[in-house]
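A short worksheet on the structure shown next.
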Amino acid sequence: MLYVHRSKTIKPDYHLLKYVKWLNRILGKEEEEIPSAVAFDEIDTWLEMVSKSLFRGLNTNASQLYDEIRAIREQLKQNIHEFQDAAPNEEVPDSISKIGVVSRKKMVKDLYSMTEKIAIPTQTDYNAVLSFYSATTSNLEFPFGKSQRNIYCVRSLFPDEIEKVISDLTRLRDLLNQLITPIKGKEKQIAHLEEVPVIVQDVTELKSGIEKEKENVVNQEEEYSALERRIEAEGSKLNKIKEEAEWMLFKELETELDSLEEDLNALESNVRKLFSPLNKALNLLKKQDETGRHTLTPEERRAIASILSSPIQALDEDINGFLLAIRNIIEGDPSVLKDRKRDTTLNWIDNLLNADLSSIKGKRDRLQARIAEIKGKLLDMKILKDKEEIKQSVVSAKGQLTQVQEGITRSKRHIVSLEEGQREKERLLVEALEEIAGKKIDVTFES
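The sequence shown begins at 8 in my numbering and counts up by one.
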């Protein structure tokens with residue numbers, strides 16, 4: 008049986024091949040020269056030409072042998088039928104006759120099954136021939152049975168009929184061997200003939216992938232350029248805005264706003280510092296109230312909580328009333344604070360009461376009012392809205408620019424990977440073609 012398998016790539020011996028070709032010329036058997044160069048897009052045509060050269064006469068030989076196999080198959084069916092209906096040899100003992108009849112029944116069944124499986128193809132190319140040969144030889148395992156005694160019994164009972172069947176089977180084997188003869192010894196070429204279309208498809212897909220990825224790079228680079236132009240255009244628009252009179256007013260208001268906010272922050276920081284010396288005493292009073300050591304009125308709790316929470320916010324309330332309430336607590340109960348802490352706290356409360364906190368509150372209110380006024384004006388300015396829109400547009404474009412650049416980098420890396428894969432497949436393709444042709448083949452991959 009002929010088996011076709013993929014083998015390791017072995018370079019052909021070109022010197023031996025030259026000698027064989029020289030001998031063929033002397034004997035008048037020189038085959039048609041296989042082209043030494045082929046374009047990638049024409050490999051299918053090249054393979055067809057090589058197949059005809061490698062398997063010269065296969066079609067005619069196969070067609071003729073198919074007819075003979077078909078005839079022997081019908082003859083075999085007829086002889087199996089005669090074998091099935093034949094009367095046993097009466098001179099054979101009954102014990103052997105019984106075994107022989109049983110064996111015949113099994114053999115007839117298997118023989119009929121085998122003949123039904125002989126499906127003669129219409130194609131005569133090497134693939135069809137190989138497939139038919141492999142399938143038929145696999146089925147052509149004549150079931151004589153496991154016991155030689157059974158074969159002996161069948162031969163003893165039906166000698167003429169079984170000999171005809173065996174003769175048909177032998178002839179069928181001979182015809183199958185003749186059918187495969189033009190292919191024998193060319194198993195490696197056949198393996199490569201089957202391999203080449205797969206490699207060609209791989210190369211084609213890789214080339215298509217490379218072209219697609221290159222087109223993708225071009226599109227991304229165009230998008231990148233468009234984003235750069237957009238950023239440049241937005242910058243020009245921003246420069247034009249800065250030349251307008253409204254922009255000068257905007258910058259003046261913005262500068263004033265920054266200054267006012269700094270003043271407000273400084274004022275509020277000073278207020279916190281002004282009240283910070285009271286924090287320990289107020290926290291102690293709050294804790295004594297929570298533990299029940301000293302009970303505060305709701306008004307006193309509110310005063311302490313307000314100053315501790317935010318002395319700045321406390322300015323908006325009755326801050327002097329809060330301070331007086333706290334002073335009365337400390338003065339009314341000497342046990343609330345120790346003498347030294349008590350005197351220090353009372354002195355600081357007196358300083359705060361004399362510090363004209365209302366003027367501080369008024370200054371803070373004026374700062375807040377002016378800040379709110381400027382912010383309102385800025386919000387109403389169209390130039391600010393335009394500036395923010397341009398700023399957002401530039402931020403968005405720069406983000407897209409980064410993404411597109413990353414995409415370009417990925418695509419270029421992918422192209423390099425695909426090109427490496429293509430070169431490797433092209434190398435394998437050339438090796439396979441040279442194995443088939445038995446000589447060096449120049450393949451043109453670029454059209």
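Glycine included, C-beta positions come from ideal geometry on N, C-alpha and C.
In this text, all values refer to a predicted model and were calculated from it rather than measured experimentally.
Which one of the options has the shortest CA to CA distance from residue i?
{"i": "residue 279", "options": "160, 412, 383, 320", "result": "320"}
{"i": "residue 56", "options": "40, 46, 71", "result": "40"}
{"i": "residue 47", "options": "207, 376, 429, 72", "result": "207"}
{"i": "residue 76", "options": "255, 136, 94", "result": "136"}
{"i": "residue 49", "options": "173, 257, 211", "result": "211"}
{"i": "residue 282", "options": "82, 310, 395, 296", "result": "310"}
{"i": "residue 173", "options": "313, 80, 383, 358", "result": "80"}
{"i": "residue 5", "options": "305, 344, 254, 314", "result": "Because the chain spans 8 through 454 in this model, residue 5 falls outside it and cannot be assessed."}
{"i": "residue 73", "options": "140, 242, 270", "result": "140"}
{"i": "residue 286", "options": "371, 94, 356", "result": "356"}
{"i": "residue 205", "options": "414, 277, 354, 51", "result": "51"}
{"i": "residue 407", "options": "233, 185, 250", "result": "233"}
{"i": "residue 114", "options": "84, 363, 284", "result": "84"}
{"i": "residue 362", "options": "386, 330, 347", "result": "330"}
Here's a check: name, in chain order, each residue in its chain whose Cβ is nearer than 7 Å to the Cβ of residue i, leaving out the five neighbours to either side.
{"i": "residue 163", "result": "96, 99, 103, 107"}
{"i": "residue 54", "result": "200, 203"}
On the criterion of 16 or more Cβ atoms from any shown chain inside 10 Å, does residue i qualify as buried, or is it exposed?
{"i": "residue 327", "result": "exposed"}
{"i": "residue 290", "result": "exposed"}
{"i": "residue 288", "result": "buried"}
{"i": "residue 429", "result": "buried"}
{"i": "residue 273", "result": "exposed"}
{"i": "residue 404", "result": "buried"}
{"i": "residue 447", "result": "exposed"}
{"i": "residue 225", "result": "exposed"}
{"i": "residue 30", "result": "Model confidence at residue 30 stands at a pLDDT of 45, short of 50, so the residue's coordinates are unreliable and nothing is read from them."}
{"i": "residue 78", "result": "exposed"}
{"i": "residue 123", "result": "exposed"}
By Cβ distance, which residues of its chain are closer than 8 Å to residue i, with the 5 residues on each side in sequence left out?
{"i": "residue 147", "result": "121, 176, 179, 180, 183"}
{"i": "residue 111", "result": "90, 91, 161, 164, 165"}
{"i": "residue 217", "result": "422, 425, 426, 429"}
{"i": "residue 374", "result": "267, 270, 271, 274"}
{"i": "residue 44", "result": "448, 449, 450, 451"}
{"i": "residue 251", "result": "390"}
{"i": "residue 384", "result": "260"}
Check the C-beta distance from residue i over to residue j and give it rounded, since I have them as a contact under 8 Å.
{"i": "residue 222", "j": "residue 411", "result": "15 Å between Cβ atoms; not a contact."}
{"i": "residue 337", "j": "residue 349", "result": "6 Å"}
{"i": "residue 323", "j": "residue 308", "result": "Not confirmed; about 18 Å, so no contact."}
{"i": "residue 401", "j": "residue 238", "result": "6 Å"}
{"i": "residue 227", "j": "residue 415", "result": "5 Å"}
{"i": "residue 93", "j": "residue 168", "result": "4 Å"}
{"i": "residue 418", "j": "residue 259", "result": "With a Cβ gap of about 50 Å, residue 418 and residue 259 do not count as contacting."}
Could you name the residues of the same chain whose beta carbon sits closer than 6 Å to that of residue i, not counting the 5 residues immediately before and after it, in chain order?
{"i": "residue 118", "result": "87"}
{"i": "residue 209", "result": "432"}
{"i": "residue 33", "result": "Confidence is the limiting factor: at residue 33 the pLDDT is only 41, short of 50, which leaves the residue's position unreliable, though a coordinate-based value still follows. No residues qualify anywhere along the chain."}
{"i": "residue 235", "result": "none"}
{"i": "residue 256", "result": "none"}
{"i": "residue 368", "result": "322"}
{"i": "residue 436", "result": "206"}
Any heavy atom of the ligand GDP closer than 7 Å to the Cβ of residue i?
{"i": "residue 43", "result": "Ligands displayed in this structure: none; no statement on the ligand GDP is therefore possible."}
Quick test of the definition: if touching needs 3 or more C-beta pairs under 8 Å, does the region 441-450 touch the region 197-209?
yes
Could you tell me whether the region 181-195 touches the region 388-395, where touching means 3 or more Cβ pairs closer than 8 Å?
no
Can at least three beta-carbon pairs, one atom from the region 255-267 and one from the region 376-385, be found at a separation below 8 Å?
yes
Closer than 8 Å is the cut-off here; do at least three beta carbon pairs connect the region 123-133 with the region 60-78?
yes
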